[in-house]
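**Student:** Below is a structure I'd like to ask you about.
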Amino acid sequence: MQQNYSVYRKLQQHLDKFPIGFPPTKSGVEIELLQYLFTEQEAKIAAGLNLIAEPVEKISPRLRDVDLSALELESCLDRMAEKGLINWYTKRDGAKFYSIAFLAVGIFEFQVEQMTPEFYRLFKQYLDEAFRDEILRTKIPQLRTIPSEGSITPELPIDNYDHIRKLINDFDREILVADCVCKIGQDSIGHPCQVTDMREICLVFGSAAKKYAHLGWGRIITKEEVFEILSNAEKDGLVIQPSNTQKLFAICLCCGCCCEILTSARPLENPVQYFATNFQAVVDEEECIGCGRCIKRCQMDAVSLVDEKAVIDYSRCIGCGVCVPTCKPQAIKLERKEIVRVPPKDSARLYMSIMKKKVGNARQMIMLTKQLLGRLV
-14 MQQNYSVYRK
-4 LQQHLDKFPI
6 GFPPTKSGVE
16 IELLQYLFTE
26 QEAKIAAGLN
36 LIAEPVEKIS
46 PRLRDVDLSA
56 LELESCLDRM
66 AEKGLINWYT
76 KRDGAKFYSI
86 AFLAVGIFEF
96 QVEQMTPEFY
106 RLFKQYLDEA
116 FRDEILRTKI
126 PQLRTIPSEG
136 SITPELPIDN
146 YDHIRKLIND
156 FDREILVADC
166 VCKIGQDSIG
176 HPCQVTDMRE
186 ICLVFGSAAK
196 KYAHLGWGRI
206 ITKEEVFEIL
216 SNAEKDGLVI
226 QPSNTQKLFA
236 ICLCCGCCCE
246 ILTSARPLEN
256 PVQYFATNFQ
266 AVVDEEECIG
276 CGRCIKRCQM
286 DAVSLVDEKA
296 VIDYSRCIGC
306 GVCVPTCKPQ
316 AIKLERKEIV
326 RVPPKDSARL
336 YMSIMKKKVG
346 NARQMIMLTK
356 QLLGRLV
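When we follow this note's numbering, the leftmost residue of the sequence shown carries the number -14, and every step to the right adds one.
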C-alpha cells in the first residue's frame, strides 16, 4: 500500500509542475482521484511524460521502473489515450506522439463518454478543496466569454476573435460536437441541468476534433449544424465560452447550474475578475419596463430590480449578452469595455502566460519551462 501511494504521490507532484497544476490536499482526495483514473503502471508512465508531445523512443529511457518493451509501452500509451488520461496525436506518416494532460481542461473533459458518479464526486470534492483555487489563482482563464449572436448590433465595435459567426465562418477544418461533460456529470449524480435539455453543446475544432472523433467522443458536424446549436443555445440562455486563444480549439456553451467555471466563480466576491471578457451590459432606464426577464436569463446573478428598473452589477457581469435578445423594449444592450483584452494567438502562448504568472521569477520561469519541455531530462 505504501509503495502504491508513493507512485500516485509522484504523479501528483509531477502534474503540479505544469501551468494548470495539481496541488495536494489535507484529505488526500487528489490521490483517490488519481487511483480511480490510473492503474499503478499507468501512473508511473504518466509521471514520465512532458508538456511537449514525444515519440515512444524518447519517453521510454525515462521510465526506468517500468518493465515494458517499446511496443508494449506504445500499446499502454494508446490505452491511456483511449481512457482520456493523456494527450496524443498522430502524424500523417503514422508516427505517434504523447504528452501529459492537465486535469482540466484535459482529463476531466476526456471522461465525457465514461462518466460515473464516483469519478464526478471525487472531481467535485477535489475542486472544492484545492483545484478551484488552482484554476483561478492567476486570473488568466483557459476560456473567455464572447457575446451571443443576438446581442451583436451593427454599432457594437467587435473584433473577429470576439464575433461568434465570424469565428465559425473563418474556420476551415473539422468541427465536432460532443456532450457537455459538466452536464453529463451533473446527470450522473441526479442533478440535471435546470437551464437547458441540450447535451450536445461542446464544440471541438481542428486536430482535437479529429482525435475526439477517432475515440468516439462525439461527431463531426457541418457549419450549418454549428449555427443551429448556437441558435438553440441562445434561446435557452447559454453563455458562449471559446478557448482563450485566437486560434480556436474549443467552444463551451455554459449555464450557471452545471458549468464548473460559472459555478466556481459565481459565489465569489467580484467574480468578473476571473473572466476574460471585452463587453458588459448597459440598461436604458427610460426604456426598461421592469419585467425581470433579464434577471431570469443571467447566469451570473448580475442583474437586479431597483425601483422597478434593471440594474447591472458590474462586478458580476461577464458580457455574454444572453440578456439582450429577449428584452422586448430593447432596453438592455452590450457595450465594449474601455480596456480590451486581446486573447493569446494559440494555446502554447496561453499556457506560457499562465505559467509566467504562477512562477513570477524570470530565471525560475526559464528553468522550469526547459524542464517541462523535456530539455533537462
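Beta carbons: idealized from backbone N, C-alpha and C, even for Gly.
Are Arg184 and Lys168 closer than 8 angstroms when you measure CB to CB?
**Tutor:** yes
**Student:** As an exercise, report each continuous alpha helix (DSSP H) stretch of at least 4 residues that is fully enclosed by the region 277 to 310, in chain order.
**Tutor:** 278 to 282
**Student:** Check whether the region 95 to 113 touches the region 53 to 62, taking contact to mean three or more Cβ pairs, one atom from each stretch, closer than 8 angstroms.
**Tutor:** no
**Student:** Using C-beta distances below 7 angstroms, list every residue in its chain close to Met(-14), excluding the 5 sequence neighbours before and after it, in chain order.
**Tutor:** Reliability fails at Met(-14), whose pLDDT of 43 lies under 50, so the model's placement of it is uncertain and no value is given.
**Student:** Hey, would you say Gly190 sits closer than 8 angstroms to Ala250, going by beta carbons?
**Tutor:** Per the sequence shown, the amino acid found at residue 190 is Phe instead of Gly. Their beta carbons are not under 8 angstroms apart, which means Phe190 does not touch Ala250 by this criterion.
**Student:** Only counting the same chain, and skipping five residues up and downstream in sequence, which positions put a Cβ closer than 7 angstroms to that of Arg158?
**Tutor:** Phe190, Gly191
**Student:** Please name the residue or residues paired with Thr262 in a DSSP beta bridge.
**Tutor:** Assignment of beta-bridge partners to Thr262 by DSSP yields Thr130.
**Student:** Do the region 300 to 315 and the region 134 to 141 meet, that is, are 3 or more Cβ pairs less than 8 angstroms apart?
**Tutor:** yes
**Student:** Going by the CB atoms, is the gap between Thr10 and Tyr111 shorter than 8 angstroms?
**Tutor:** yes
**Student:** Can you name the start and end residues of the alpha helix (DSSP H) that Lys330 belongs to?
**Tutor:** No alpha helix (DSSP H) holds Lys330; DSSP gives it neither H nor E.
**Student:** Answer yes or no: do Thr130 and Val268 have a C-beta to C-beta separation smaller than 8 angstroms?
**Tutor:** no
**Student:** I need the straight-line Cα distance from Val(-8) to Pro256, nearest angstrom please.
**Tutor:** 37 angstroms
**Student:** Sorted by chain position, which residues of the same chain lie with C-beta nearer than 6 angstroms to Trp73's C-beta, five sequence neighbours on each side aside?
**Tutor:** Excluding sequence positions up to five before and after Trp73, its CB lies within less than 6 angstroms of the CB of Ala66, Tyr83, all in the same chain and listed in chain order.
**Student:** In the DSSP assignment, what residue or residues form a beta bridge with Arg204?
**Tutor:** Val162
**Student:** Give me the Cβ distance between Ile92 and Leu48, rounded to the nearest whole Å; I'm assuming they're in contact under 8 angstroms.
**Tutor:** Ile92 to Leu48, Cβ: 20 angstroms. No contact.
**Student:** Counting Cβ pairs, one atom from each stretch, are 3 or more of them under 8 angstroms apart for the region 257 to 266 and the region 333 to 343?
**Tutor:** In this structure the region 257 to 266 does not lie against the region 333 to 343, because fewer than three pairs of beta carbons, one per stretch, are closer than 8 angstroms.
**Student:** When you compare each of Glu103, Leu128, Thr123, Val41 to Thr230 by their alpha carbons, which one comes out closest?
**Tutor:** Nearest C-alpha to Thr230: Leu128.
**Student:** May I ask you to list the residues that DSSP assigns as paired with Leu188?
**Tutor:** Val162, Ile236
**Student:** So, helix, strand or coil for Leu18, using DSSP?
**Tutor:** helix
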